[in-house]
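Numbering (the numbering used here), first residue to last: 144 to 593.
Note that beta-carbon positions come from the ideal geometry of N, C-alpha and C, so glycine has one too.
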Amino acid sequence: MFQKILIANRGEIALRVQRACRELGIATVAVHSTADAEAMHVRLADESVCIGPPAARGSYLNSHAILSAASITGADAIHPGYGFLSENADFAEMVEAHGLTFIGPSPAHIRMMGDKIAAKEAMAALGVPLVPGSTGAVPDLAAAAEVAERIGYPVLIKAAAGGGGRGMKVARDADGLEEAFRVARAEARAGFGNDAVYVEKYLDRPRHIELQVLADAHGNVVHLGERDCSLQRRHQKLLEEAGSPVLTPVMRDQLGGTVTSALRRLGYRNAGTLEFLFQDGQFAFIEMNTRLQVEHPVTEMVCGIDLVREQIRIADGAPLGYAQTDILFSGHAIECRINAEDPESFAPSPGLVTAFHAPGGLGVRVDSALYAGYQVPPYYDSLIAKLVVHAPTRAGAIARLRRALDEFAIVGVSTTIPLHRRIVDDPAFQAGEYTIHWLERFVSDADRTG
Ligand code: MV4
């Protein structure tokens with residue numbers, strides 16, 4: 144087993160990885176920017192190394208500084224967390240070239256899933272359902288028009304190098320196709336240096352449902368059920384649930400069976416998440432994430448499996464040690480992302496946290512690196528805490544969530560806690576009836592009604 148792991152991240156996820164390391168008896172190395180010298184992930188690590196200036200490009204994205212830190216501290220593996228270098232195939236390759244272990248999938252699989260066209264082709268060939276659309280990239284407007292006529296409007300033009308909502312344009316009809324194609328292609332070239340685009344049928348009211356998988360280096364693949372991540376605004380998720388309010392155990396088993404057999408044949412290793420759109424009872428694969436995700440705790444709560452511990456064991460070559468039938472889904476979990484943001488305008492709200500009190504009690508988990516006296520820096524993501532609740536039923540989880548939100552006190556910076564309180568009190572949310580468009584309407588309706 145590894146003796147020492149360098150955690151190439153900050154904030155709550157750096158603490159999350161440290162916790163798994165500590166339970167496995169592995170020493171931890173924190174890296175930090177000059178802005179994070181007083182951060183909790185630095186205080187709680189066994190050792191820490193300053194790797195550069197506040198801007199992430201010079202620090203948390205500085206692969207050379209991170210590899211140097213690993214080298215001088217004698218770390219034998221690197222956990223990238225989420226964001227930053229977590230889905231950078233070149234970084235994973237450099238880590239391996241230095242004789243260290245990258246705690247994640249192979250560079251080849253990271254690279255394949257980073258190319259959305261390659262990811263879809265691979266999944267389609269392995270029997271995973273897709274949204275109707277072009278087979279691969281469309282070379283020109285005529286080819287895009289041909290596909291659109293075949294599948295019917297509206298269609299979406301997506302960038303092969305996109306993902307997470309960047310580089311997409313809707314064409315409502317044939318008249319709108321030329322502009323959508325031209326703009327999508329120009330944005331893809333400017334944004335990603337790769338102007339390959341593809342066409343998909345536009346689904347107008349889907350839910351966003353993703354499936355968590357774990358795969359070891361010996362061909363064992365299991366799924367840990369789904370998360371419903373439909374509650375989002377401008378591609379920023381705000382609240383996630385496990386399981387989805389609209390999935391039955393039979394649907395979960397069916398999707399899980401398709402996905403695990405595909406990943407077994409692909410030779411995938413470590414943790415991964417397949418993203419689907421779900422509409423009219425049908426799943427359609429859109430993308431795969433080759434990292435640990437922000438919302439992984441809801442899956443941990445319903446399965447009782449520590450995903451980071453599993454990532455580390457898998458990277459060390461250990462077999463999973465359990466089969467699909469050993470994984471039992473128990474109860475319902477909900478996560479609220481608490482951001483240091485104005486709950487009305489969503490403008491970032493960095494600054495001094497003057498008081499901090501986290502909720503507790505049965506079925507409540509708070510993942511956060513916050514403390515009273517901490518200065519939330521303006522340079523990074525505004526996520527400051529994840530409130531996760533677990534209860535036997537969805538209604539029980541909602542009641543627990545409301546109670547925990549009322550206990551939560553963060554003073555000095557504005558947070559999204561008031562917005563979460565309004566969401567949990569909403570009848571449509573309580574009924575589980577929402578699509579990916581629900582939250583944007585909910586927020587703007589509140590604007591109009593004051
Ligand atoms: C779509 C779609 C509708 N139809 N594809 C946005 C992010 C990227 N991961 C894929 N996205 C979408 N792809 C088809 N064919 C709608 C979205 C979409 C979305 C998806 C998941 C979560 C939030 C979203 C918000 C807006 C649009």
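Rounded to the nearest angstrom, how far is the Cβ of residue i from that of residue j, given a contact under 8 Å?
i, j, result
"residue 392", "residue 474", "The Cβ separation is near 13 Å, so there is no contact."
"residue 295", "residue 341", "So it is not a contact: roughly 16 Å between Cβ atoms."
"residue 264", "residue 298", "With 8 Å as the limit, residue 264 and residue 298 do not qualify as a contact, their Cβ atoms being about 19 Å apart."
"residue 148", "residue 235", "Rounded, the Cβ-Cβ distance is 15 Å, inconsistent with contact."
"residue 405", "residue 477", "Rounded, the Cβ-Cβ distance is 29 Å, inconsistent with contact."
"residue 435", "residue 450", "6 Å"
"residue 512", "residue 158", "5 Å"
"residue 192", "residue 212", "4 Å"
"residue 658", "residue 173", "For residue 658 there is no data in the structure shown, the boundaries of the chain being 144 and 593."
"residue 260", "residue 365", "About 28 Å separates the two Cβ atoms, so there is no contact after all."
Using the three-state DSSP reduction, which class does residue i fall into: helix, strand or coil?
i, result
"residue 587", "helix"
"residue 277", "coil"
"residue 593", "Low per-residue confidence applies at residue 593: pLDDT is 49, beneath 50, and the placement is therefore not dependable, though the value from the model is reported in the following sentence. Coil, per DSSP."
"residue 491", "strand"
"residue 604", "Outside the displayed range of the chain (144 to 593) lies residue 604, so it cannot be described from this structure."
"residue 348", "coil"
"residue 160", "helix"
"residue 180", "coil"
"residue 436", "coil"
"residue 404", "helix"
"residue 595", "Residue 595 cannot be examined here, being either before or after the span of the chain that is shown, 144 to 593."
"residue 383", "strand"
"residue 144", "coil"
"residue 428", "strand"
"residue 356", "strand"
"residue 410", "coil"
"residue 304", "strand"
"residue 298", "strand"
"residue 576", "coil"
"residue 230", "coil"
"residue 209", "helix"
"residue 566", "helix"
"residue 252", "helix"
"residue 246", "coil"
"residue 510", "strand"
"residue 269", "coil"
"residue 536", "coil"
"residue 214", "helix"
"residue 370", "strand"
With C-beta atoms as the reference, is residue i less than 8 Å away from residue j?
i, j, result
"residue 175", "residue 154", "no"
"residue 247", "residue 433", "yes"
"residue 457", "residue 318", "no"
"residue 582", "residue 375", "yes"
"residue 459", "residue 144", "yes"
"residue 335", "residue 300", "no"
"residue 353", "residue 418", "yes"
"residue 422", "residue 348", "yes"
"residue 367", "residue 455", "no"
"residue 217", "residue 160", "no"
"residue 440", "residue 395", "no"
"residue 339", "residue 310", "no"
"residue 327", "residue 312", "yes"
"residue 346", "residue 274", "yes"
"residue 559", "residue 486", "yes"
"residue 262", "residue 250", "no"
Have a look at the options and flag the residue whose alpha-carbon is nearest the alpha-carbon of residue i.
i, options, result
"residue 337", "279, 377, 258 and 298", "258"
"residue 287", "201, 382, 365 and 316", "316"
"residue 281", "302, 274 and 266", "302"
"residue 472", "442, 531, 204 and 466", "442"
"residue 370", "398, 363, 514 and 361", "398"
"residue 180", "314, 520 and 226", "520"
"residue 538", "567, 504 and 377", "567"
"residue 596", "424, 162, 151 and 224", "Any property of residue 596 remains undetermined from this structure, which presents the chain solely from 144 to 593."
"residue 578", "252, 387 and 292", "387"
"residue 416", "407, 357 and 329", "357"
"residue 118", "469, 350, 486 and 412", "Outside the shown range of the chain (144 to 593) lies residue 118, about which nothing can therefore be said."
"residue 462", "413, 437 and 187", "413"
"residue 156", "207, 201 and 227", "227"
"residue 409", "252, 328, 383 and 377", "252"
"residue 514", "177, 308, 494 and 531", "494"
Would residue i pass as an interface residue toward chain C - the criterion being a Cβ-Cβ separation below 8 Å?
i, result
"residue 228", "You won't find chain C in this structure, because it holds only one protein chain."
Next on the checklist: With three or more beta-carbon pairs closer than 8 Å as the criterion, would you say the stretch 269 to 281 touches the stretch 234 to 249?
Outcome noted: No contact exists between the stretch 269 to 281 and the stretch 234 to 249.
Item to check | Cβ contact (3+ pairs, closer than 8 Å) linking the stretch 563 to 573 and the stretch 543 to 550 | outcome: Touching, per the Cβ criterion.
Checklist entry - Are the stretch 507 to 525 and the stretch 482 to 493 touching by the rule of at least three beta carbon pairs closer than 8 Å? => result Contact annotation: the stretch 507 to 525 touches the stretch 482 to 493, with at least three C-beta pairs closer than 8 Å.
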